[in-house]
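Participant: For reference, the structure I am asking about is given below.
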Amino acid sequence: MAAHSNDPKLRTLPADLDASRLPAHIAVIMDGNGRWAQARGLPRVMGHRAGVEALKTTLRLCSDWGVSALTAYAFSTENWSRPGDEVNFLMTLFERVLQRELEALEAEQVRIRFLGDLQALPPRLQDLIAEATARTDENAGIHFNVCTNYGGRRELVRAARHLAEQAARGELDPAQIDENRLAAELFTAGEQDPDLLIRTSGERRISNFLLWQLAYAEIHVTEVFWPDFDHAALLAALRDYQSRSRRFGGLQGWSESDALGS
50 MAAHSNDPKL RTLPADLDAS RLPAHIAVIM DGNGRWAQAR GLPRVMGHRA
100 GVEALKTTLR LCSDWGVSAL TAYAFSTENW SRPGDEVNFL MTLFERVLQR
150 ELEALEAEQV RIRFLGDLQA LPPRLQDLIA EATARTDENA GIHFNVCTNY
200 GGRRELVRAA RHLAEQAARG ELDPAQIDEN RLAAELFTAG EQDPDLLIRT
250 SGERRISNFL LWQLAYAEIH VTEVFWPDFD HAALLAALRD YQSRSRRFGG
300 LQGWSESDAL GS
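Under my numbering, residues 50 to 311 are what the sequence shown spells out, in order.
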């Protein structure tokens, strides 16, 4: 999963994109692997394999084009309810991809982190995650966050518990709890909030993903299934993003008198 491409066409930012207005952090909900496979008469697991290749392409492009962070929703807390064979395949796939790609990620200066309740994962996968995190922790390239056994509500409950425990021990005055203090207890602590959320397969929901962090993100939905998400699909998402005016809850260009109608 090397972060850079040898293809000059991919390494060069498309001329119609403004480098100064790229999203610093992109989050992706990689939806449609199973439907992609079923449409081709293939087992669902083949869609997950193809999805890995799409993620590799997306990581390369984001790194080459100057995006600082990419966060991928790889496995949710709800995904355990899928058929056991599919879950086992996914756990094995995670292991194989890490074993195969870690050296390239390290060489390309990618900093990889896994976000979620990692203790519930198979021990072998936990060991590989710990190794990958340690070996890339000082890397200066793109931040690649992989949400694994992740749920947004569970993340917020976990953060609230940590704050409550600190307050109960007398280490924290509840009056000091603010947005920054809570954000510091999230799995994403230290990472800038996403500027852009991309969801594939046409579904229009956020599916318990980064509930706190996506507060002001722009959302781009594409009908493309994740395994088909490519250079053109990412370019379309970035063009859509750059066509918008981000207001963060305010009214750009309006004065107080305009808002009051005076």
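Note that the Cβ used here is the ideal one computed from N, Cα and C, for glycine as well.
Given this structure, state the Cα-to-Cα distance separating G341 from L221, to the nearest angstrom.
Facilitator: Past the boundaries of the shown model lies residue 341; the chain is included only from 50 to 311, so the question cannot be answered.
Participant: Tell me, please, whether the region 87-105 touches the region 162-169 by the rule of three or more beta-carbon pairs shorter than 8 Å.
Facilitator: No: the two stretches stay apart, fewer than three of their Cβ pairs being nearer than 8 Å.
Participant: Since Y290 is in the alpha helix (DSSP H), which residue starts that stretch and which ends it?
Facilitator: Where Y290 is concerned, the enclosing alpha helix (DSSP H) stretches over H280 to Q291.
Participant: DSSP state of E267, grouped into three classes?
Facilitator: strand
Participant: Give a yes or no on whether the C-beta atoms belonging to Q262 and D244 are separated by under 8 Å.
Facilitator: no
Participant: Compare the C-alpha of L147 against each of V273, W114, A118 and R184 and name the closest.
Facilitator: R184
Participant: Could you check where the alpha helix (DSSP H) with F143 kicks off and where it finishes?
Facilitator: G133 to A156
Participant: Report, in whole angstroms, the separation of the C-beta atoms of L11 and L104, which I expect to be a contact under 8 Å.
Facilitator: Not covered by the structure: residue 11. The range shown for the chain is 50 to 311.
Participant: Enumerate in chain order the residues of its own chain whose CB-to-CB distance from A208 is below 7 Å, with the five nearest sequence positions on each side excluded.
Facilitator: Sequence-distant partners of A208 (beyond 5 residues in either direction) whose C-beta falls short of 7 Å from its own C-beta, in its chain, are L231, E234 and L235.
Participant: Would you mind reading off the limits of the alpha helix (DSSP H) that contains A238?
Facilitator: Per DSSP, A238 belongs to no alpha helix (DSSP H) and is neither H nor E.
Participant: Output needed for Q291: all residues of its chain with C-beta closer than 7 Å, excluding positions within five of it in sequence on either side, in chain order.
Facilitator: Within the same chain, Q291 has close Cβ partners L66, D67 and R70.
Participant: Over the uninterrupted alpha helix (DSSP H) stretch that includes R202, give me the two end residues.
Facilitator: G201 to A217
Participant: Just verifying my parser: in three-state terms, what is the DSSP assignment at V195?
Facilitator: strand
Participant: Using 10 angstroms around the beta-carbon of E157, count the other beta-carbons present and answer buried if the total reaches 16, otherwise exposed.
Facilitator: buried
Participant: Do you know how far the Cα of Y122 is from the Cα of P196?
Facilitator: According to the sequence as given, residue 196 is Cys; it is not Pro. C-alpha separation (whole angstroms): 5 Å.
Participant: CB-CB under 8 Å to P72, same chain, minus the five flanking residues each way: which ones, in chain order?
Facilitator: V116, P243, D244, L245, E267, L287 and Y290
Participant: By the DSSP assignment, the alpha helix (DSSP H) with A73 in it spans what residues?
Facilitator: From DSSP, A73 is part of no alpha helix (DSSP H); its letter is neither H nor E.
Participant: Could you tell me the distance, in whole angstroms, from the CA atom of L205 to the CA atom of E228?
Facilitator: 12 Å
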